[in-house]
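Peer 1: Numbering (my numbering), first residue to last: 524 to 753.
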Amino acid sequence: MREIFLSEGFPLTPNQELLFQRYVSLILSSPINITSIKDPKEIVYRHFIDSLELLKFIDFQHFENLLDVGTGGGFPGIPLKIAFPHVRLFLLESSLKKVNFLKSVISNLAVDEVYVLPGRAEDLARDPNLREKMDIVVSRAVAPLRTLIEITIPFLKEGMLMVAYKGKGVFDEIESSGNALRELRAEIERVEEYHIKGIDFKGYLVFIRKKEETPLKYPRRSGIPFKRPL
Numbered sequence: 524m525r526e527i528f529l530s531e532g533f534p535l536t537p538n539q540e541l542l543f544q545r546y547v548s549l550i551l552s553s554p555i556n557i558t559s560i561k562d563p564k565e566i567v568y569r570h571f572i573d574s575l576e577l578l579k580f581i582d583f584q585h586f587e588n589l590l591d592v593g594t595g596g597g598f599p600g601i602p603l604k605i606a607f608p609h610v611r612l613f614l615l616e617s618s619l620k621k622v623n624f625l626k627s628v629i630s631n632l633a634v635d636e637v638y639v640l641p642g643r644a645e646d647l648a649r650d651p652n653l654r655e656k657m658d659i660v661v662s663r664a665v666a667p668l669r670t671l672i673e674i675t676i677p678f679l680k681e682g683m684l685m686v687a688y689k690g691k692g693v694f695d696e697i698e699s700s701g702n703a704l705r706e707l708r709a710e711i712e713r714v715e716e717y718h719i720k721g722i723d724f725k726g727y728l729v730f731i732r733k734k735e736e737t738p739l740k741y742p743r744r745s746g747i748p749f750k751r752p753l
């Protein structure tokens with residue numbers, strides 16, 4: 524496994540390699556469908572390496588509180604935590620079955636300062652212990668960008684970053700996100716393209732900076748950002 528990470532630009536310590544090996548085993552042995560991918564090597568590329576691509580573009584040393592919205596099986600949050608153990612990680616997930624899986628992973632990996640938040644982002648973003656408390660928010664394969672902006676930006680401290688992992692339709696999503704950006708007082712800072720050589724995959728990271736405090740009316744109540752995006 525270490526060779527795969529190294530070939531993609533991510534050298535691992537022996538302990539990090541052990542944690543990723545355990546994580547693969549937990550995914551494959553889970554009674555619920557965490558991923559449609561059943562090949563261990565493919566899981567490493569498509570979930571672990573893909574999650575870590577962000578590290579090629581920003582320095583994680585300066586972040587304390589990381590929130591992963593709609594984390595599913597823990598991607599990208601848990602791989603980022605393994606890479607940078609000092610980060611305090613919050614995993615937000617609405618599926619109770621996946622919440623239980625995440626708790627099992629955290630217990631088995633014995634990683635500190637990882638907190639699972641059961642529920643919807645629209646509701647949890649109004650919790651004063653979470654709203655405008657995060658240094659960085661990440662999200663992967665959750666919602667179109669204009670919806671994602673509304674449900675993630677409220678968690679961020681002013682001046683900090685949300686990063687969306689996106690595929691080939693990213694520029695169409697950006698084109699339709701102008702109103703959401705204005706309403707949430709945020710702006711797209713840059714878009715970075717990345718390549719995973721081992722599986723010939725191309726993805727994009729959209730970096731969105733929070734410019735001002737989020738208006739109290741956002742996010743709208745549960746489900747509305749998905750049904751009626753800004």
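Ideal placement from N, C-alpha and C gives every residue a C-beta, glycine not left out.
Since the model is a prediction, treat every value here as computed from it, not as a measurement.
1) Answer yes or no: do residue 691 and residue 588 have a C-beta to C-beta separation smaller than 8 Å?
2) Since I believe residue 591 is in contact with residue 661 (beta carbons under 8 Å), could you give me their beta-carbon distance rounded to a whole number of angstroms?
3) Where does the unbroken alpha helix (DSSP H) through residue 588 begin, and where does it stop?
4) Rounded to whole angstroms, what is the Cα-Cα separation between residue 628 and residue 543?
5) Starting from the C-beta of residue 711, find all residues in its chain whose C-beta is less than 6 Å away, skip the five residues before and the five after it, and write them out in chain order.
6) Using 8 Å as the threshold, is the C-beta distance between residue 681 and residue 707 below it?
7) Quick one: Cα of residue 750 to Cα of residue 610, how far?
8) Does the Cβ-Cβ distance between residue 622 and residue 641 come in under 8 Å?
9) Would you mind working out which of 744, 563, 548 sits nearest residue 645, comparing C-alpha positions?
10) Give me the Cα-Cα distance between residue 492 and residue 705, rounded to the nearest whole angstrom.
11) So what does DSSP say about residue 732, is it helix, strand or coil?
Peer 2: In short, the structure shows the following:
1) Not a contact, by the Cβ cut-off of 8 Å.
2) With a beta-carbon spacing of about 5 Å, residue 661 and residue 591 fall inside the 8 Å limit used to define contacts.
3) No alpha helix (DSSP H) contains residue 588, which is instead part of the beta strand (DSSP E) from 588 to 592.
4) Answer to the nearest angstrom: the Cα atoms are 11 Å apart.
5) Closer than 6 Å at Cβ, skipping near neighbours: 731.
6) Result no, Cβ atoms of residue 681 and residue 707 do not sit closer than 8 Å.
7) Rounded to whole angstroms, residue 750 to residue 610 spans 33 Å at the Cα level.
8) Cβ distance < 8 Å, so residue 622 and residue 641 count as in contact.
9) Closest option to residue 645, Cα to Cα, is 744.
10) The structure shown has nothing for residue 492, since the chain only spans 524 to 753.
11) Of the three classes helix, strand and coil, the one that applies to residue 732 here is strand, per DSSP.
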